[in-house]
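Residue numbers (this note's numbering), protein chains in the order written: chain A, 6 to 124; chain B, 8 to 116.
Given below as structure tokens:
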């Protein structure tokens with residue numbers, strides 16, 4: 006079964022750091038572009054980062070310089086290192102896969118991990 | 008940055024009715040780079056449509072995507088009870104940046 010499982014969420018103070026992980030199974034992880042997408046409580050979806058098969062990272066302006074995406078293909082794992090966290094970063098964070106037939110879409114999603122930034 | 012505006016914000020319909028959801032882009036989007044997702048409470052989004060009109064694996068044919076340029080539509084021909092959810096459009100025209108619309112909630116009337 007193709008599956009993505011996120012972990013690492015929790016409560017962190019403003020200015021703090023957190024590292025999210027996403028474990029992939031059921032597909033050849035190393036050959037897919039991967040993404041992180043977040044969703045604030047009661048809000049819409051926001052793309053957070055992408056990483057290509059060669060490890061090339063991409064970010065929106067809202068997190069550039071604070072978040073770092075990485076992957077470890079030998080462990081079928083995706084990571085998101087989040088620094089200088091703000092209240093506005095509070096959200097459920099999903100990892101998602103980009104299918105080969107349309108690298109602009111997200112065909113497989115994890116169940117999400119909750120990040121709360123609060124003092 | 009391309010902004011996607013979805014309308015209406017909420018659609019109140021009965022099972023068996025037709026639902027028509029709209030997604031308007033602030034500038035032209037190549038059809039290849041337009042997708043639709045369904046999200047139910049407490050669940051992750053699910054890919055419905057990619058390339059503006061291609062159904063993802065396992066998606067029933069009552070879901071139909073169409074449109075080009077700046078105007079895209081998701082049509083659900085006959086609403087089933089499990090179709091009541093929030094729907095998002097998403098674009099990838101401005102590579103490498105992905106953006107979503109704000110969502111349309113389809114609720115039971």
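Beta carbons are placed, not taken as given, at the ideal position from N, Cα and C, and that holds for glycine.
Same chain, Cβ closer than 7 Å to residue 57 of chain A, neighbours up to 5 away in sequence not counted: Within the same chain, and ignoring the five residues on either side of residue 57 of chain A in sequence, the residues whose Cβ sits closer than 7 Å to its Cβ are 38.
State yes or no: is the C-beta of residue 55 of chain B within less than 8 Å of the C-beta of residue 46 of chain B? When the beta-carbon positions are compared, residue 55 of chain B and residue 46 of chain B stay at least 8 Å from each other.
In its own chain, which residues sit with a C-beta less than 6 Å from the C-beta of residue 95 of chain A, not counting the 5 before and 5 after it? Once the five neighbours on either side are set aside, the close Cβ partners of residue 95 of chain A are 121, 122.
Backbone secondary structure at residue 30 of chain A - three-state DSSP: Here residue 30 of chain A carries a strand assignment [DSSP, helix/strand/coil].
Which ranges would you report for the beta strand (DSSP E) in the segment 46-103 of chain B if only whole runs of at least 3 residues count? 53-57, 70-83, 93-98, all fully within the segment 46-103 of chain B.
Determine the chain B residues that contact residue 1 of chain A at a beta-carbon separation under 7 Å, and present them in chain order. Here chain A comprises residues numbered 6 to 124, so residue 1 of chain A is not present and cannot be evaluated.
State buried or exposed for residue 83 of chain A, treating a residue as buried only when at least 16 other CB atoms are found within 10 Å of its CB. Its Cβ being crowded by 16 or more others within 10 Å, residue 83 of chain A is buried.
Could you confirm whether any beta carbon from chain B is found closer than 8 Å to the beta carbon of residue 65 of chain A? Yes, residue 65 of chain A counts as interfacial toward chain B.
Report yes or no: do three or more beta-carbon pairs, one from the segment 32-44 of chain B and one from the segment 57-64 of chain B, lie closer than 8 Å? With the cut-off at 8 Å, the segment 32-44 of chain B and the segment 57-64 of chain B touch.
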